[in-house]
Amino acid sequence: MIGALWYYLVRGRKEWEDLCNRCGRCCYTKEVQPDGTVFIDYSSPCRYLNSETNLCTVYERRFKVCRECRKVTIFHALWARYMPRECAYVQFYRHGGYRRKGGNRGRGMDAAL
Numbered sequence: 021m022i023g024a025l026w027y028y029l030v031r032g033r034k035e036w037e038d039l040c041n042r043c044g045r046c047c048y049t050k051e052v053q054p055d056g057t058v059f060i061d062y063s064s065p066c067r068y069l070n071s072e073t074n075l076c077t078v079y080e081r082r083f084k085v086c087r088e089c090r091k092v093t094i095f096h097a098l099w100a101r102y103m104p105r106e107c108a109y110v111q112f113y114r115h116g117g118y119r120r121k122g123g124n125r126g127r128g129m130d131a132a133l
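This is the structure in structure tokens:
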């Protein structure tokens, strides 16, 4: 965890964003139940999510255009229950990294641990 925290603190925004595997799962409606269970409604994507590419169509302006959009930080990656397991940030910070196809560890996650 110390290594992952160091990575976050030392690296720039581009490298932070390079961790993202573009799964698009953070762009769906989430509901946290009183018991802590999280439901992600995959039938309800953000209207700015391109469902074919899983990319935001207003990415550079997303925080101004979409009031539901929240910046993902290391704290979300480490502790937010609503972050999906498949998220590369979750894999990197909660599970110590991620693996590329072929078993190599590093950026550009193709297959999560």
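Take any residue in the sequence shown, count from 1 to its spot, add 20: that is its number in the working numbering. Think of the CB as a built atom: it goes at the ideal place given N, C-alpha and C, for glycine as much as any other residue.
Assuming residue i and residue j are in contact, meaning their beta carbons sit under 8 Å apart, how far apart are those beta carbons, in whole angstroms?
| i | j | result |
| --- | --- | --- |
| Y109 | V92 | 6 Å |
| R42 | L75 | 6 Å |
| F112 | L39 | 6 Å |
Taking all protein chains shown into account, decide if residue i is buried (16 or more other Cβ within 10 angstroms of its Cβ) or exposed.
| i | result |
| --- | --- |
| G128 | For G128, the pLDDT reaches just 36, beneath the cut-off of 50, and the residue's location in the model is therefore unreliable, leaving the point undetermined. |
| G44 | buried |
| F59 | exposed |
Closest to residue i by CA distance: which of the options is it?
| i | options | result |
| --- | --- | --- |
| Y79 | Y113, C47, R101 | C47 |
| D55 | S64, G44, R101, T77 | R101 |
| T49 | V58, T57, P65 | P65 |
| A97 | R90, R82, R114 | R114 |
| E88 | E37, S71, R67 | R67 |
Where does residue i sit, in a helix, a strand or coil, going by DSSP?
| i | result |
| --- | --- |
| V78 | coil |
| L39 | coil |
| V52 | strand |
| Y113 | helix |
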